[in-house]
Amino acid sequence: MDTRVIVDFRFFGYTQPQEANELVFQRGYSDAYGMPQPTFRSAMSESDRVRARRMMDDMCSIALKIGGYLPGSEPQFMTPGLALHLAGTTRAGLNANKTVANTHCKVHNFDNLYVGGNNVIETGFAANPTLTSICYAIRAADNIIKRFPPRNRDA
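For the sequence shown, UniProt numbering begins at 1 and goes up steadily by one.
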């Protein structure tokens, strides 16, 4: 098979944030460094499942129009989280009852604890969230500098 004539389709879709989704650490499960290993518990909403099915139907329709599938490469849904763009486990937002941190990524009810990364993004997304995570990091860093200005080393 000439790999130059193979087209690989991968469709990624948006999923709605679910308040019941969670990240837990269980005793007895650790990673290679002895740190607690996270377990992600999540579920898709009915509208997420409908959207995923429509996306799969569109992808299959396109693939059939250009020649079909190679044996062993039939369309499939990937395991959730496999793309490693998990988000929302420590959401940042204005409502302290529904988020972990404020919009500067400072954890509610703590004076000097900040969180960062994809986990602070409280909305769903279907593509690489790196730039959004960087924006949150810059916003947090600016807030930290304002709240904790550098001390004069000469004093």
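The beta-carbon is built from N, C-alpha and C at its ideal position, and this holds for glycine as well.
Since this is a predicted model, take the numbers as computed values, not measurements.
Where the alpha helix (DSSP H) through residue i begins and ends
i: Ser47; result: 46-65
i: Arg147; result: 130-147
Option in the options with minimal Cα separation from residue i
i: Val120; options: Pro71, Lys65, Thr130; result: Thr130
i: Leu113; options: Val50, Val7, Pro71, Thr90; result: Thr90
i: Lys65; options: Gln76, Phe9, Leu94; result: Phe9
i: Ala137; options: Thr79, Asn102, Leu94, Met78; result: Asn102
i: Val7; options: Ala20, Asp111, Met55, Cys60; result: Cys60
Range covered by the beta strand (DSSP E) that runs through residue i
i: Leu23; result: 22-30
i: Thr39; result: 36-41
Close beta carbons around residue i, own chain, < 6 Å, minus the five adjacent residues each side
i: Gln37; result: Tyr29, Ser30, Asp31
i: Ala126; result: Phe12, Gly13, Tyr14
Whether residue i touches residue j by CB criterion (7 Å)
i: Asn143; j: Ser133; result: no
i: Cys105; j: Gly88; result: no
i: Ala92; j: His108; result: no
i: Met39; j: Val24; result: The question names Met, yet the displayed sequence has Thr at residue 39. Against a cut-off of 7 Å, the Cβ pair of Val24 and Thr39 comes out as a contact.
i: Gln16; j: Asp58; result: no
Nonlocal neighbours in the same chain, by C-beta distance under 7 Å from residue i, ignoring five residues either side
i: Gln18; result: Ser42, Ala43, Ser45
i: Glu22; result: Arg41
i: Met55; result: Phe11, Gly13
i: Leu86; result: Phe40, Asn118
i: His26; result: For the record, residue 26 in the displayed sequence is Gln; it is not His. Thr39, listed in sequence order.
Rounded C-alpha distance that separates residue i from residue j
i: Arg151; j: Leu82; result: 44 Å
i: Gly34; j: Val100; result: 26 Å
i: Arg4; j: Gly124; result: 35 Å
i: Asp2; j: Leu70; result: 12 Å
i: Ala63; j: Gln76; result: 13 Å
i: Thr52; j: Arg153; result: The residue you asked about is not Thr; residue 52 is Ala in the sequence shown. Their backbone Cα atoms lie some 57 Å apart in a straight line.
i: Ser73; j: Arg139; result: 43 Å
i: Asn128; j: Phe148; result: 32 Å
i: Ile145; j: Gly68; result: 56 Å
8 Å Cβ shell around residue i - same chain, five flanking residues per side excluded
i: Leu94; result: Asn102, Thr103
i: Lys98; result: Glu19, Arg91
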